[in-house]
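Protein sequences, first through last, are from chains A and B.
Going from the first sequence to my numbering is simple: count from 1 and add 4.
Going from the second sequence to my numbering is simple: count from 1 and add 75.
The beta carbon of each residue, even a glycine, is placed where N, CA and C say it ideally should be.
Below you'll find the structure, written out as structure tokens, and then a few comments.
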Amino acid sequence: MILDVSTYVGHWPFRPLHATTLEQIAAIAEHAGVTHIITSHLHGAFYQDCQKANEELYEEVKAYAGGVNVLPFAVINPTYIGWEKDCNICLEQFGFQGVEIMPHYHHYAWDDPTLVSFYAYCGERNIPVRINNSFENTRQRNLHDYPLECTSEIPKLLLTGKKTLTIVTQVIPATIRNMGTLFGEHDHVYFDISRISFMTSGPFLSKLNGIPLQRYCFGSLNPFAYVECALNRVYYAEITEHEKEGLLFGELAAKLGL
Amino acid sequence: MTETTFTQDYEKRLSLFKDNFVVNWHEHVWEDSQSGKLRENSLDRLRKSAEATCTDAVICSIPLSKPCIPDDFSRVNRLQYEACQRWDKLYGLAFIHVGYTKEALYEIEKCVYDYGFVGIKLYHHYFIDDPQQFAVIEKCIELDIPILVHAGKSVQLRSTQPKLSAGHHFANIARLYPEANIIMAHIGGGGDWQWQIKAITDSPSIVTDISGSVVDAPMIEDAIKRLGARRILFGTDGSYEAGVGKILGANISEEDKKTILEGTAYRRFLNRRARK
């Protein structure tokens with residue numbers, strides 16, 4: 005089994021994606037051998053009221069009849085009116101499995117007290133939180149997009165609580181180096197491996213930077229990126245088969261109740 | 076029924092690489108700046124990666140990002156030659172700085188005739204359509220060798236490489252020298268790959284390689300639509316998992332994948348080494 009923690013439904017305003025509906029994205033995942041996906045709706049980054057995007061995702065999930073297990077996450081902006089009610093609707097009525105926060109698109113700071121309070125709220129209620137460091141490489145990012153990586157910003161939030169199960173995706177090696185120092189002991193934070201290259205830059209284990217292997221997981225950024233690029237990182241990693249299986253469907257999957 | 080592992084399942088998909096001739100047109104080994112010798116682990120890692128991905132030929136160079144003089148490019152080309160001597164799947168590209176025309180022309184001939192190199196590598200010292208490049212381009216036409224040119228189109232960030240050639244520079248040089256065999260490097264090297272592909276669409280003498288760490292979909296499909304498979308070469312430039320993944324994941328025909336992997340249009344340049 006393979007859990008892909010980094011997939012998205014919807015349109016991206018800065019370039020056409022080769023898949024935009026849940027059905028299309030799940031089909032790409034299935035073709036690549038992925039059995040479970042965590043997904044949220046991209047429109048939630050751009051709508052004034054991101055709950056509208058969650059409703060769109062709910063409709064897509066309801067209509068989906070394919071073979072991939074879908075774990076929908078709600079995009080929540082805790083600085084926007086009515087977020088708590090929206091969050092409850094998504095989790096209790098829609099059956100969503102977690103939330104995604106996007107401070108870089110919703111224009112509040114990573115250490116904003118409102119966000120810190122929301123992060124603690126998620127921890128208290130066992131709501132998993134997903135954070136995407138960057139959708140596109142900074143060198144090609146559209147001028148209207150968020151300009152820089154959030155590498156130095158994300159830890160400000162993660163350090164505020166040890167209870168909240170958090171998935172950080174699209175982290176670059178430099179970020180992991182920094183976060184390794186900060187989060188080696190924090191077993192609430194998981195990182196995907198989508199941007200770490202092991203083959204020509206050195207053995208897998210030397211790249212872990214103080215974070216135990218079981219705290220890494222598989223993420224592809226489907227449909228922004230080719231799923232096989234991330235699968236190759238697992239396939240070619242110089243680790244045991246058991247460890248590979250753990251990356252693909254390990255500790256995080258268990259914590260998510262899968 | 077026996078349960079298969081992830082590795083066993085995934086290996087089946089890699090038969091595309093196992094069953095076909097694979098040429099990687101963009102890789103590097105490096106110089107140890109302290110000792111001035113070949114950095115051994117760069118060759119070891121490259122060899123290991125190439126073997127793991129069933130690559131049959133790796134085209135390689137040692138570019139210097141710092142300002143360099145003829146002694147410098149001559150030194151790294153010698154190291155590249157040593158690396159090629161130690162691994163028969165490695166093919167060299169001569170790295171030169173076109174600011175030193177006379178020495179660069181001499182170095183190219185030396186690398187082709189003495190070292191058996193199959194082409195040259197240009198960095199971002201000048202835009203590819205700068206007149207300073209012309210003598211070197213003419214020499215490569217005369218020798219019938221390809222030119223791999225570092226390239227990219229930065230969007231948001233101010234480039235640390237002010238003379239980085241973008242797609243439109245390649246279109247310009249293709250108009251001036253349509254007989255030159257020029258590779259616009261790494262559409263996945265970071266930057267606006269849509270710009271890069273679009274800019275060279277109507278320049279049939281310009282080909283590109285897919286190397287680089289950027290794995291945006293549908294980069295390969297877009298390149299196929301605009302350029303066709305014969306104008307696309309397989310490459311990795313230090314990102315082996317990414318390069319292999321882009322080919323495996325692209326929604327294009329098996330024939331097109333094979334054409335890219337083999338580098339059909341550029342295959343003849345590998346015979347150059349026979350001159351040695």
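- For the segment 316-340 of chain B, residues whose beta-carbon sits nearer than 9 angstroms to a beta-carbon of chain A comprise Glu316, Ala317, Gly318, Val319, Gly320, Lys321, Ile322, Leu323, Gly324, Ala325 and Asn326.
- Cβ contact annotation for phenylalanine 98 (chain A) (same chain, cutoff 6 angstroms, sequence separation greater than five): Tyr62, in chain order.
- From the listed residues A:Ala78, A:Gly14 and A:Ala49, the smallest Cα separation to tyrosine 109 (chain A) is found for A:Ala49.
- Scanning A:Cys126, A:Leu147, A:Val13 and A:Phe139 for the CA closest to the CA of cysteine 91 (chain A) turns up A:Cys126.
- The C-beta distance from lysine 321 (chain B) to valine 290 (chain B) rounds to 6 angstroms, short enough to fall under 8 angstroms.
- When beta bridges are read from the DSSP output, lysine 196 (chain B) appears opposite B:Phe170 and B:Leu223.
- Shown here, alanine 125 (chain B) sits in a helix according to DSSP, grouped into three states.
- In the three-state scheme derived from DSSP, where H, G and I count as helix and E and B as strand, proline 20 (chain A) is classed as coil.
- Per DSSP, threonine 80 (chain B) lies in no alpha helix (DSSP H) segment and is marked neither H nor E.
- When C-alpha distances from serine 198 (chain A) are compared across A:Leu163, A:Asn236, A:Leu169 and A:Gln218, the shortest belongs to A:Asn236.
- When DSSP assignments are scanned along the segment 44-104 of chain A, the uninterrupted stretches of beta strand (DSSP E) that are 3 or more residues long and fall wholly within it turn out to be 73-79 and 102-104.
- In this structure, DSSP gives histidine 244 (chain B) a helical state, which the three-state scheme calls helix.
- Contacts with chain B at 8 angstroms (Cβ-Cβ) include leucine 147 (chain A).
- Residues are counted here when their Cβ sits less than 9 angstroms from a Cβ of chain A; for the segment 123-141 of chain B these are Lys123, Ser124, Ala127 and Thr128, given in chain order.
- In the DSSP assignment, the residues bridged to methionine 259 (chain B) are B:Val224 and B:Thr283.
- Counting other Cβ atoms within 10 Å of its Cβ, asparagine 136 (chain A) reaches 16 or more and is therefore classed as buried.
- Residues of the same chain with a CB within less than 7 angstroms of the CB of leucine 165 (chain B), apart from the 5 flanking positions on each side, are Val133, Cys135, Ala158 and Cys159 in chain order.
- Rounded to the nearest whole angstrom, the CA to CA distance from leucine 168 (chain B) to phenylalanine 309 (chain B) is 16 angstroms.
- No Cβ of chain B is located within less than 8 angstroms of the beta carbon of glutamate 189 (chain A).
- Look at glutamate 78 (chain B): its C-beta is not under 8 angstroms from any C-beta on chain A.
- Annotation: glutamine 52 (chain A) to histidine 103 (chain B) spans about 47 angstroms, alpha carbon to alpha carbon.
- Annotated as distal: proline 132 (chain A) and phenylalanine 100 (chain A), with beta-carbon spacing of 8 angstroms or more.
- The beta carbon of glycine 37 (chain A) sits closer than 8 angstroms to some beta carbon of chain B.
- Nearest C-alpha to arginine 305 (chain B) among B:Lys332, B:Ile144 and B:Ser288: B:Lys332.
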